[in-house]
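Asker:
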Amino acid sequence: MSGPRPPHLHRRNGVYHLRMRVPDRLQARIERVEVWKSLRTYSLHEARHLAAKVSANVLETFAVIEKNTNISSDEARALIQACYAAICRVERERGPYNPTTSLPDLELVEQEVLANDEITRLRGQLESAVFSPDVLTASIGLLIAQGVDMGTVSQTGQAMLVHGAVRALVERQRLFVARLRDPLAVYVPADPLFSAIAVSSSPATQPEAVTGITVGHAVEEYLSTMEGRWTEKTTRARKVQLAYLADHLGAGRPLAAVTADDVRGYRNALTKLRANHGRRQHLPFHERLTENAPHQIKNKTASLIYESAKAFFRWAKEEEGAITSNPAADVRWQAVKAPKAQRSRRPFSKEELLTLFGSTVFTGCKSKHRRFEPGPHVIKDDRYWIVILGYYTGARLGEIVQLHLDDVVLDHEVPHLDLNENSGKGDPKHIKTDAGVRQIPIHQDVLDLGLAEFVAKRRKWDRPSRRLFSEITLGADGQASTQFSKMFARVLDQIGLTDPALTFHSFRHGLEDAQRNAGLPQYTIDSIMGHSDGRVSSMYGEGPSLQAKCAAIQSMCLPVRVDGLLLGKEGA
1 MSGPRPPHLH
11 RRNGVYHLRM
21 RVPDRLQARI
31 ERVEVWKSLR
41 TYSLHEARHL
51 AAKVSANVLE
61 TFAVIEKNTN
71 ISSDEARALI
81 QACYAAICRV
91 ERERGPYNPT
101 TSLPDLELVE
111 QEVLANDEIT
121 RLRGQLESAV
131 FSPDVLTASI
141 GLLIAQGVDM
151 GTVSQTGQAM
161 LVHGAVRALV
171 ERQRLFVARL
181 RDPLAVYVPA
191 DPLFSAIAVS
201 SSPATQPEAV
211 TGITVGHAVE
221 EYLSTMEGRW
231 TEKTTRARKV
241 QLAYLADHLG
251 AGRPLAAVTA
261 DDVRGYRNAL
271 TKLRANHGRR
281 QHLPFHERLT
291 ENAPHQIKNK
301 TASLIYESAK
311 AFFRWAKEEE
321 GAITSNPAAD
331 VRWQAVKAPK
341 AQRSRRPFSK
351 EELLTLFGST
361 VFTGCKSKHR
371 RFEPGPHVIK
381 DDRYWIVILG
391 YYTGARLGEI
401 VQLHLDDVVL
411 DHEVPHLDLN
421 ENSGKGDPKH
431 IKTDAGVRQI
441 PIHQDVLDLG
451 LAEFVAKRRK
461 WDRPSRRLFS
471 EITLGADGQA
481 STQFSKMFAR
491 VLDQIGLTDP
501 ALTFHSFRHG
511 LEDAQRNAGL
521 PQYTIDSIMG
531 HSDGRVSSMY
541 GEGPSLQAKC
551 AAIQSMCLPV
561 RVDGLLLGKE
571 GA
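In UniProt numbering, the protein residues as written are 1 to 572.
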């Protein structure tokens, strides 16, 4: 066969081989100068295709090797010793074992037996170099807590680190047994790898001198101080998030001893947090981490957890003066940029709105419990009206779901929704910002669809709740939006709108676009949407009148007129 021979292709005794030089920078790590592989064919035509495929695989292997970093024995030893030091610190802060049964002596014996069984299990896995999933999770969690990115470590390095971390887990059990027998005795590690740090990390020989408030006490004081300023949901979230911080740093550690390196390590560990990190409350922070990228939380979610730590350190320095310098001040979050043109939220397109409002949920279904099957019944209940109001008002989901009957003002020159926090004795309401307290005129389409009739029926309901949409219960987090958000997501999935960028909040984006497309002034848009531009001038006056906002609402360039679609009017 004529033609030039492809690169890397060589012939020996009639058989074609692939021969590729190893890049100079990788030769020492691979321990060879070139790769030589038989393609097992005498055909040049077949060899061309095989050479292209195999050479691509070899180049990919080179790239993986170059990405992965070797780790020296000294570096591995230092990391494993740091893991053990962290274990000792946690054990020291935990204090002596406190029996919880009426037979304390028997309980102590039982705990010692369990610990020795665990030592036997771990040592068996060390000898076979085959580790169970729970042991791998615990060992890798220790390493991640020390800032190790296992994805960038070579396979040899990973094996060395995991082996050492499991040795640290063995020593943790031995330390536990020693403290069961005598909490005040000096413990010298049996493993020589850790004997060098026995004095500095042993609980009895050199306890950490406490100077000033500890991390744990500072967190408790911060949560107590801020509880009245936060919503119930925020308070619960901050308790969990700051418990992670205290667990990572050590609750008994002096707050003043925390350094920027400590904060940096915590920040890096957060990127490895499992997506389901909140499910098993008993696990320590380092066991909630994973190297499996698909199972890690989103970068944005991790950044929110980290922001609570930064806010805590700001409070400790600026409001309490508990520390003279803020260790988190210069440790910024490393955001992952989304691909260009990719948005986490976007408005519905006209076609998607036609799909949504043309579905059986709005045009007619078999029954209240069979909404996705075509039928003669249009169920105008909470699920119907919340979506309609979301589309025509752009209000946040929580603002709509928490509406009281008195917040729907229909006997006024301009029918409107009055968004406020006037809760009275029951059914509490929460508005996200000061600018969110506002009045939104009700579009004529919504009135034509029968909102007034729905409200009138609800006023006659013999229920203690003052909420308009009382069929939608509050979530376990106390938020009005939680339950309906899940319901709406299921509706979108059922009708084929599966883009994750489409949520109830997409209505808010869409309404703002509709107002801009109508040429409305930004201050009017902000007044309707509940935004603040942050300028001093926006603090003066009462803003656009209700009549002006009504004219703006009626003039919006909506992509779909729902009343026209459902009632057969022109202009849909």
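We put the beta carbon where it would ideally sit given N, CA and C, even for glycine.
Does the segment 30-49 come within contact of the segment 83-90, defined as at least 3 CB pairs closer than 8 angstroms?
Answerer: No, they do not touch.
Asker: Measure the alpha-carbon distance for isoleucine 213 versus arginine 264 and round it to whole angstroms.
Answerer: Sequence index remark: in the sequence shown, residue 213 carries index 213 (1-based). Sequence index remark: in the sequence shown, residue 264 carries index 264 (1-based). Straight-line Cα distance between these residues: approximately 21 angstroms.
Asker: Beta-carbon separation of aspartate 191 and arginine 172 under 8 angstroms?
Answerer: In the sequence shown, residue 191 corresponds to position 191, counting from 1. In the sequence shown, residue 172 corresponds to position 172, counting from 1. No, the pair does not count as a contact, with Cβ atoms beyond the cut-off.
Asker: Assign glycine 321 to one of two classes, buried (16 or more other C-beta atoms within 10 Å of its C-beta) or exposed (fewer than that).
Answerer: If you number the sequence shown from 1, residue 321 lands on position 321. Exposed is the call here.
Asker: Apply the 10 Å Cβ neighbour rule to proline 441 and answer buried if 16 or more other Cβ atoms are within range, or exposed otherwise.
Answerer: Within the sequence shown, residue 441 is the residue found at index 441, counting from 1. Answer is buried; the Cβ neighbour count reaches 16.
Asker: Of the residues His412, His430 and Glu413, which one's Cα is nearest the Cα of asparagine 420?
Answerer: Counted from its first residue, the sequence shown places residue 420 at position 420. When each option's Cα is compared against that of asparagine 420, the closest is His430.
Asker: Would you identify the three-state DSSP class for leucine 18, choosing helix, strand or coil?
Answerer: The residue you call residue 18 lines up with position 18 of the sequence shown. Three-state result, leucine 18: strand.
Asker: May I have the straight-line CA-CA distance separating tryptophan 230 from leucine 242, to the nearest angstrom?
Answerer: Within the sequence shown, numbered from 1, the residue matching residue 230 stands at position 230. Within the sequence shown, numbered from 1, the residue matching residue 242 stands at position 242. Spanning the two alpha carbons is a distance of roughly 15 angstroms.
Asker: Assuming contact is defined by CB atoms lying nearer than 8 angstroms, are alanine 552 and glutamine 522 in contact in what I supplied?
Answerer: For this step, residue 552 is matched to residue 552 along the sequence shown. For this step, residue 522 is matched to residue 522 along the sequence shown. No, the pair does not count as a contact, with Cβ atoms beyond the cut-off.
Asker: If we count Cβ pairs, one from each stretch, closer than 8 angstroms, do we get three or more for the segment 294-312 versus the segment 267-279?
Answerer: Touching, yes, given that three or more Cβ pairs across the two stretches are closer than 8 angstroms.
Asker: Would you call valine 170 buried or exposed, if buried means 16 or more other Cβ atoms sit within 10 Å of its Cβ?
Answerer: Position 170 of the sequence shown holds residue 170. Per the 10 Å Cβ criterion, buried.
Asker: Quick one: what does DSSP say valine 166 is sitting in, helix, strand or coil?
Answerer: Residue 166 sits at position 166 when you count from the first residue of the sequence shown. Here valine 166 sits in helix by DSSP.
Asker: Could you give the DSSP three-state label for histidine 49: helix, strand or coil?
Answerer: Counted from its first residue, the sequence shown places residue 49 at position 49. Looking at histidine 49 - three-state DSSP - the assignment turns out to be helix.
Asker: Could you work out which residue in Arg11, Asp462, Leu558 and Gly141 is closest to glycine 519 when comparing CA atoms only?
Answerer: Here residue 519 corresponds to residue number 519 of the sequence shown, with the count starting at 1. Residue Leu558 is the option with its Cα nearest to glycine 519.
Asker: Flag this pair as yes or no: are the beta carbons of valine 153 and leucine 136 separated by less than 8 angstroms?
Answerer: In the sequence shown, residue 153 corresponds to position 153, counting from 1. In the sequence shown, residue 136 corresponds to position 136, counting from 1. In this structure, leucine 136 does not lie closer than 8 angstroms to valine 153 by Cβ.
Asker: Cα separation between serine 527 and isoleucine 379?
Answerer: Walking along the sequence shown from the start, residue 527 turns up at place 527. Walking along the sequence shown from the start, residue 379 turns up at place 379. Computed Cα separation, rounded: 32 angstroms.
Asker: Whose CA, out of Leu245, Val258, Lys310 and Gly394, lies closest to the CA of proline 284?
Answerer: In the sequence shown, residue 284 corresponds to position 284, counting from 1. Measuring from the Cα of proline 284, the nearest candidate turns out to be Leu245.
Asker: Just mark alanine 138 as buried or exposed, buried being the case when its beta carbon has 16 or more other beta carbons within 10 Å.
Answerer: The residue you call residue 138 lines up with position 138 of the sequence shown. So alanine 138 counts as buried.
Asker: Could you have a look at isoleucine 305 and say whether DSSP puts it in helix, strand or coil?
Answerer: Residue numbering aside, residue 305 sits at position 305 when the sequence shown is read from its first letter. Three-state DSSP puts isoleucine 305 in a helix.
Asker: To which residues of the same chain is arginine 345 closer than 7 angstroms at the C-beta, ignoring the five residues directly before and after it?
Answerer: Mapped onto the sequence shown, residue 345 falls at position 345. These residues qualify, in order along the chain: Ala501, Thr503, His505, Ser506 and His509.
Asker: For threonine 259, which residues from the same chain have a beta carbon less than 8 angstroms from its beta carbon, with the 5 sequence-adjacent residues on both sides left out?
Answerer: For the purposes of this step, residue 259 is taken as the residue at position 259 of the sequence shown. If we look at threonine 259 and ignore the five residues flanking it on each side, its Cβ neighbours are Pro327.
Asker: Please list the terminal residues of the continuous alpha helix (DSSP H) segment that includes glutamine 439.
Answerer: In the sequence shown, the residue the question calls residue 439 occupies position 439. No alpha helix (DSSP H) contains glutamine 439, which is instead part of the beta strand (DSSP E) from 438-441.
Asker: List the DSSP bridge partners of cysteine 365.
Answerer: Numbered from its first residue, the sequence shown carries residue 365 at position 365. Cysteine 365 pairs with Pro374 and His377.
Asker: Could you tell me which of Ser38, Glu31, Arg32 and Glu34 sits nearest to valine 15, measuring between CA atoms?
Answerer: Counting from 1 along the sequence shown, the entry for residue 15 is found at position 15. The shortest C-alpha separation from valine 15 is found at Ser38.
Asker: What residue does the alpha helix (DSSP H) around leucine 565 start on, and which one ends it?
Answerer: Mapped onto the sequence shown, residue 565 falls at position 565. Start and end: 562-567.
Asker: Could you name the residues that DSSP lists as bridge partners for valine 408?
Answerer: What you label residue 408 is simply residue 408 of the sequence shown in a count that begins at 1. In DSSP, valine 408 forms a bridge with Leu417.
Asker: Using the Cβ count rule (16 or more neighbours within 10 Å means buried), how would you classify tyrosine 42?
Answerer: Within the sequence shown, numbered from 1, the residue matching residue 42 stands at position 42. The residue is exposed, with fewer than 16 neighbouring Cβ atoms inside 10 Å.
Asker: Let me make sure I understand the geometry here. Which of Val408, Leu397 and Gln479 has the alpha-carbon closest to that of leucine 447?
Answerer: In the sequence shown, counting from the first residue as 1, residue 447 sits at position 447. It is Val408.
Asker: Kindly indicate which residue of Leu511, Pro347 and Leu122 has the alpha-carbon position closest to the one of aspartate 499.
Answerer: For the purposes of this step, residue 499 is taken as residue 499 along the sequence shown, with counting starting at 1. Nearest option by C-alpha distance: Pro347.
Asker: How long is the line joining the alpha carbons of glutamine 27 and leucine 126, rounded to whole angstroms?
Answerer: Stepping through the sequence shown from its first residue, residue 27 is reached at position 27. Stepping through the sequence shown from its first residue, residue 126 is reached at position 126. Using only the alpha carbons, I get a separation of about 31 angstroms.
Asker: To the nearest angstrom, how far is the alpha carbon of arginine 561 from that of alanine 316?
Answerer: Taking the first residue of the sequence shown as 1, we reach residue 561 at position 561. Taking the first residue of the sequence shown as 1, we reach residue 316 at position 316. If I take the Cα positions, the gap works out to 53 angstroms.
Asker: In terms of residue numbering, what span does the alpha helix (DSSP H) encompassing residue 584 cover?
Answerer: Because the chain here runs from 1 to 572, residue 584 falls outside it and cannot be looked at.
Asker: Note down, in chain order, each residue of its chain lying with its Cβ closer than 6 angstroms to the Cβ of serine 555, except the 5 sequence neighbours on either side.
Answerer: By 1-based counting over the sequence shown, the position of residue 555 is 555. Ala518.
Asker: What does a CB cutoff of less than 8 angstroms around methionine 1 pick up in its chain, not counting 5 residues either side in sequence?
Answerer: Counted from its first residue, the sequence shown places residue 1 at position 1. Low confidence applies here, because methionine 1 scores a pLDDT of 43, under 50, leaving its location unreliable and the question unanswered by this model.
Asker: I need the DSSP call for glutamine 334, collapsed to helix, strand or coil.
Answerer: Against the sequence shown, residue 334 aligns to sequence position 334. Three-state DSSP puts glutamine 334 in coil, outside helix and strand.
Asker: Provide the residue span of the alpha helix (DSSP H) that contains leucine 389, from first to last.
Answerer: By 1-based counting over the sequence shown, the position of residue 389 is 389. Leucine 389 -> alpha helix (DSSP H) spans 382-393.
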